[in-house]
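Going from the sequence shown to my numbering is simple: count from 1 and add 29.
We put the CB at the ideal spot given by N, CA and C, even for glycine.
What follows is a set of notes on a single structure, which appears directly below.
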Amino acid sequence: MPVVTVQMWKGRTVDQKRKLTKAITDAMIEHADAKPDGLHVIIQEYELEDWARAGVLGSDRMEN
30 MPVVTVQMWK GRTVDQKRKL TKAITDAMIE HADAKPDGLH VIIQEYELED
80 WARAGVLGSD RMEN
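What follows is the structure, given as structure tokens:
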């Protein structure tokens, strides 16, 4: 039972997520010999203020 977790900022549409999960599933089938029925793709979304890089919140980066 492979599990792929995608962590990203909020803001993608349902259609974008649909296409992303299809592409991930296809890649896992092709490159990792995964079976689609047992493959889980989990999308975790975060607000910009809940993610920081180099000590700077994403929301502060977007303002600059």
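- Following the DSSP letters along the chain, one finds Met-57 inside the alpha helix (DSSP H) bounded by residues 43-61.
- Annotated as proximal: Thr-50 and Val-70, with beta-carbon spacing under 8 Å.
- The beta carbon of Gly-67 is closer than 6 Å to those of Met-30 in its chain, skipping five residues each way along the sequence.
- Going by DSSP, Met-37 is part of the beta strand (DSSP E) stretching over 32-38.
- Of the candidates Met-91, Val-85, Gly-84, Tyr-75, Tyr-75 places its Cα closest to the Cα of Val-35.
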